[in-house]
Amino acid sequence: MIPAVPAGSARTVSTRPLKYLAGYPASLQAQARTLLKQGRLGPMLGAKYPEPHAVRNDGQLYEYVQALKERHMRKAVPLGKVLYDGKLHVVRHALGTHTSISRVHGGRLKASREIRIASVFRDAPAAFLRMITVHELAHLREPEHDKAFYQLCTHIESDYHQLELDLRLYLTAREAGQPPG
Ligand SMILES: [Zn+2]
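Here the sequence shown is numbered in full-length UniProt numbering, starting from 1 and rising by one per residue.
Structure, rendered in structure tokens:
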């Protein structure tokens, strides 16, 4: 019998802290670990979010972000540059740590209203690009990851919290070599 996951990596999966899920309940992390070990986390997310997007380059990204801004954040300051950034660390710079709500956001340069989207989103499902864009747009008005910020996110996208959790699960699966689909 060939094990689905090599013994060594299964052990790694069970002991390594799930960095994208720090701040979520231990029960949720345990569940994610189990799904990872069973090889089901990636495929599960792929089935839940089958729809890709066609935002391939920075020009298209600008138009995409601008369209969402026009629809939901019209009165906010105009956008500066909008780009995919291959060096951006998703959790540290784009999502924050989830637990430290007072952290000043690092992925958006305040003066120029530049929006950088980690390049992992280029190939992520459409729902996750939308989620991170909502996140960045909300920062135009609310710089911190505080209550007002998340209220604004859920005002724009009612499913925001579920999408952020699923994005974190997606990143977890991806880094464990379990790409969705
Ligand atoms: Zn943020």
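Even glycine gets a Cβ: it sits at the ideal position worked out from N, Cα and C.
Owing to the predicted nature of the structure, the values given are computational and were not obtained by experimental measurement.
Endpoints, the beta strand (DSSP E) within which Y84 is located:
Secondary structure note for Y84: its beta strand (DSSP E) is the uninterrupted segment V82 to D85.
Point to revise | Span of the alpha helix (DSSP H), counted from its first residue to its last, around G118 | key: In the sequence as presented, Gly is not what sits at residue 118; that position holds Ala. Membership of A118 in any alpha helix (DSSP H) is not indicated; the residue belongs instead to the beta strand (DSSP E) covering E114 to A118.
Selected residue, minimal CA-CA separation from A124, among R40, K48 and A26
Residue K48 is the option with its Cα nearest to A124.
Open item on the list: Three Cβ pairs or more, each shorter than 8 Å: is that satisfied between the segment 53-73 and the segment 143-151?
Closed with: No contact exists between the segment 53-73 and the segment 143-151.
Check whether the segment 16-36 touches the segment 73-89, taking contact to mean three or more Cβ pairs, one atom from each stretch, closer than 8 Å. Of all C-beta pairs linking the segment 16-36 to the segment 73-89, fewer than three are shorter than 8 Å, placing the two stretches out of contact.
How many angstroms separate the CA atom of Q38 from the CA atom of R116? Rounded to the nearest angstrom, the two C-alpha atoms are 34 Å apart.
Start and end residues, alpha helix (DSSP H) containing Y62:
For Y62, the enclosing alpha helix (DSSP H) starts and ends at D58 to H72.
>> With H, G and I counted as helix, E and B as strand and the rest as coil, what does DSSP make of E142?
In response: Coil.
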